Amino acid sequence: MRWRHPVLVGLMLALNPIAAATEEAGVSVRDAWVRETPPGVAMMAGYMVLQNNTSRSQVLVAARSSGFEIVMIHRTIVKEGLTGMEHAPKIEILPNASLIFAPGGYHLMLMNPKRTLRAGDPVVINLEFRGGLVLPVAFEVRK
Amino acid sequence: MKKISLEFGVMMTAVVLAAMLGVVWLAATYRENGSRAILLPDRVMTLFPDPRPLTAFAFTDHENRVFDLSRLKGKWSFLFFGYTHCPDICPTTLATLARAHENIVKSAVGAKDVQFVFISVDPNRDTASKLGQYVTYFDTTFLGVTGDNSQLGNLAGQLGAAYEVAITPGVENYPVYHTAAVFLVDPRARYHAVFAPPLDAEGISRRFKVLRELEGPKAT
Chain A
269 MRWRHPVLVG
279 LMLALNPIAA
289 ATEEAGVSVR
299 DAWVRETPPG
309 VAMMAGYMVL
319 QNNTSRSQVL
329 VAARSSGFEI
339 VMIHRTIVKE
349 GLTGMEHAPK
359 IEILPNASLI
369 FAPGGYHLML
379 MNPKRTLRAG
389 DPVVINLEFR
399 GGLVLPVAFE
409 VRK
Chain B
122 MKKISLEFGV
132 MMTAVVLAAM
142 LGVVWLAATY
152 RENGSRAILL
162 PDRVMTLFPD
172 PRPLTAFAFT
182 DHENRVFDLS
192 RLKGKWSFLF
202 FGYTHCPDIC
212 PTTLATLARA
222 HENIVKSAVG
232 AKDVQFVFIS
242 VDPNRDTASK
252 LGQYVTYFDT
262 TFLGVTGDNS
272 QLGNLAGQLG
282 AAYEVAITPG
292 VENYPVYHTA
302 AVFLVDPRAR
312 YHAVFAPPLD
322 AEGISRRFKV
332 LRELEGPKAT
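So the sequence lines, in the order shown, correspond to chains A and B. So for the first sequence, our numbering puts the first residue at 269; every next one is plus one. So for the second sequence, our numbering puts the first residue at 122; every next one is plus one.
Structural data, given as structure tokens:
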């Protein structure tokens, strides 16, 4: 890591215990990324693979981040040939199953980033599950 | 006796498997070499045997120039309807089209006779300068165009596309619904083919290169 990014190093170190805590909680997240947007666009999308390692269903009820004004769980849907988005108030992840947030499907809609995010930047989004579990997840901005 | 038949069975299974693999291999080879085979109707591209000529429409491009029917002539045009406040499907599609364009650039014929046009169905928020910033981020050659509702409806209707903008007073992020397919218009401004989502760059560029080779002289 180059000396130019002390903040990045700090954040990465800080996120290490988070990853461990996530495993313990029974829900793990991998391949978490946010698509870099053209300049001036205040609407981004976050993708990830959510894995439920427990023997009971886990229900994702909200997502929040200090990096964005609004975070919502959305799904791109096709209705009568028209593609649009719908808000998903909660998503159930079945026992020992994974749920994929990917382009054209489920995504975290990230509105009004507090600072300009460029490819390589990390941004933390907290995933909130029914029962009070909160998972901080490090997303990487990718082009 | 039993042992022999078992061995025979194993041998026959192996022969059948080898034959099946051979057929798969032959089919793949045919697909690669036989241009026509690759253009059989599939889930990626629908090709119209009798392309329909488009009629007059008028938009403005991101450099404030008129973008009308004449701008579709002499080039293959990939058209995509969307809006810049779209977090998921529009940036995903434009990134895919940028990769498809790269592939076409690398082909022997190149991409001089190809253009990619993003048609915003949300002229209320998508000004020319915003559109310019947006589309050129994905690819510096991309064009962003928009127009009034009647003109958007006009071209969308000709392509069998649709959209719905649910403008809600006081709501900054009103929902927009739109057809997510990519439309291909040939150099005679005829609606020639359509690519259905989910889109992938290789799927699009590979089929396009074959189509251009087959139709090129006829289409221009």
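Glycine is no exception: its CB is placed at the ideal position from the N, C-alpha and C atoms. Quick caveat: nothing in here was measured; it's all calculated off a predicted structure.
| Item | Value |
| --- | --- |
| Whole angstroms is fine: what's the gap from B:Gly291's alpha carbon to B:Thr205's? | 19 Å |
| Against B:Thr213, what residues of chain A qualify as contacts under a CB-to-CB distance less than 7 Å, listed in chain order? | Pro371, Gly372 |
| Give every residue of the same chain whose Cβ lies closer than 7 Å to the Cβ of B:Ala310, excluding the five residues on either side of it in the sequence, and list them in chain order. | Pro174, Leu175, Leu190, Leu193, Lys194 |
| Give me the Cα-Cα distance between B:Ala302 and B:Ala135, rounded to the nearest whole angstrom. | 44 Å |
| Under DSSP, the alpha helix (DSSP H) around A:His355 begins and ends at which residues? | Not the alpha helix (DSSP H): A:His355 falls in the beta strand (DSSP E), residues 350-355. |
| Taking all protein chains shown into account, decide if A:Gly314 is buried (16 or more other Cβ within 10 angstroms of its Cβ) or exposed. | buried |
| Quick check on A:His375: buried or exposed, where buried means 16 or more other Cβ atoms within 10 Å of its Cβ? | buried |
| List the whole-angstrom C-beta distance separating A:Leu385 from A:Glu304, where the pair is believed to meet the contact cut-off of C-beta under 8 Å. | 7 Å |
| So, at 8 Å on beta carbons, what are the nonlocal neighbours of B:Lys259 in its own chain, with the 5 sequence-adjacent residues on each side left out? | It should be noted that the sequence gives Phe, not Lys, for residue 259 of chain B. Result list for B:Phe259: Pro212, Leu215, Ala216, Leu218, Ala219, in chain order. |
| Can you name the residues of chain B whose CB is closer than 9 Å to the CB of A:Arg303? | Pro208, Asp209, Pro212, Thr213, Ala216 |
| Taking the C-alpha atoms as reference points, what is the distance between B:Asp182 and B:Val266? | 4 Å |
| Run the CB neighbour count on A:His342, radius 10 Å, all protein chains shown included, and call it buried at 16 or more, exposed below. | buried |
| Identify the contact partners of A:Gly308 in chain D, using a Cβ-Cβ distance below 8 Å as the criterion. | Absent here is chain D; the protein component of the structure consists of chains A and B. |
| Determine, using beta carbons only, whether B:Glu323 comes closer than 8 Å to chain A. | no |
| What are the start and end residues of each continuous alpha helix (DSSP H) run of 4 or more residues lying completely inside the stretch 328-394 of chain A, in chain order? | none |
| My assumption, with CB atoms under 8 Å, is that B:Phe188 sits in contact with B:Phe180. Please give the rounded CB distance. | 4 Å |
| Give the DSSP bridge partners of A:Lys411, in chain order. | According to DSSP, A:Lys411 bridges with nothing at all. |
| According to DSSP, simplified to helix, strand and coil, what is B:Glu336? | helix |
| With a cut-off of 8 Å on the beta carbons, I'd call B:Arg328 and B:Met166 a contact; round off their distance for me. | 5 Å |
| What residue does the beta strand (DSSP E) around B:Ile240 start on, and which one ends it? | 235-241 |
| Assuming the contact rule is C-beta atoms closer than 8 Å, A:Gly335 and A:Pro381 should be a hit. Round their C-beta distance to whole Å, please. | 6 Å |
| To the nearest angstrom, how far is the alpha carbon of A:Phe369 from that of A:Val317? | 6 Å |
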